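Only one structure is covered here, and it is reproduced in the block below.
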Amino acid sequence: MSKNHRLDIIVKTLCDSDQPVSGTKLAKICDVSRQVIVQDIALLRAKDIDIISTSKGYIILDHDIKREIYVCHTDEMIEDELNTIVDLGGKVENVFVDHAVYGRIEANLNIHSRKDVKNFVNETALKKIKPLTELTGGKHGHLVCASSEFILDEIEEALAKMNILSKKDE
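Heads up: the sequence shown begins at 0 in numbering that gives the first Met the number 0, then just goes up one per residue.
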């Protein structure tokens, strides 16, 4: 396992825990010594990640990494796209399109779970609301939050496998 991957695992483990995680437990998860974990925690702190030490282990303070992810797909793919993101640990903060005349148009979504996805899909169907992507032929973006870069990379890989990942300028 690479150092960067290990750092992402440490951050994810700390973010996912509602209680302190000991250095010994992190060492077992990452299959390294406790001393390596101590050094990794120092590296993460140097990257301005708020990790505090307690007598029972490490705690991370509200740490979300954000990335704009661009996709292009039909309306029928909305539910699959959003479920893929939340299933991998992402939170969809918004949806936006870059319109040639009006510029960026965005709407808050705050989708964190499959339940949120289902509610969004049902509400738009019930109210017969057209998605913003109608203005741009399916091309749009989301601001996605996750506890690590690794998770955001996994989300992009999954969307690429679905053949819907796009680039900002495409």
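The beta carbon of each residue, even a glycine, is placed where N, CA and C say it ideally should be. Predicted model, so just to flag it, every value in this text is computed and none were measured.
So what's His72 in DSSP terms, helix, strand or just coil? Here residue 72 refers to the residue found at position 73 of the sequence shown. In this structure, His72 counts as coil in the three-state DSSP scheme.
Residues sharing a beta bridge with Phe95, DSSP: Position 96 of the sequence shown, counted from the start, is the residue given in the question as residue 95. Paired residues: Glu105 and Gly140.
Should Tyr57 go down as buried or exposed, given a rule of 16 or more other Cβ atoms within 10 Å for buried? Counting from 1 along the sequence shown, the entry for residue 57 is found at position 58. By the C-beta density criterion, Tyr57 is buried, having at least 16 other C-beta atoms within 10 angstroms.
Say whether the stretch 128-137 touches the stretch 37-57, bearing in mind that this needs 3 or more beta-carbon pairs closer than 8 Å, one atom from each stretch. no
Where do the ends of the alpha helix (DSSP H) carrying Thr53 lie? Locating residue 53 in the sequence shown gives position 54, where the first residue counts as 1. Bounds of any alpha helix (DSSP H) do not take in Thr53; it lies within the beta strand (DSSP E) bounded by Ile50 to Thr53.
For Ile8, which option in Pro19, Asp17, Ser21 and Leu25 has the closest C-alpha, if you only look at C-alpha atoms? As a first step, residue 8 must be located in the sequence shown, where it is residue number 9. Comparing Cα-Cα distances from Ile8 to each of Pro19, Asp17, Ser21 and Leu25, the minimum goes to Leu25.
Backbone CA spacing between Glu155 and Ile84 [nearest angstrom]: Counted from its first residue, the sequence shown places residue 155 at position 156. Counted from its first residue, the sequence shown places residue 84 at position 85. In a straight line, the C-alpha of Glu155 is about 9 Å away from that of Ile84.
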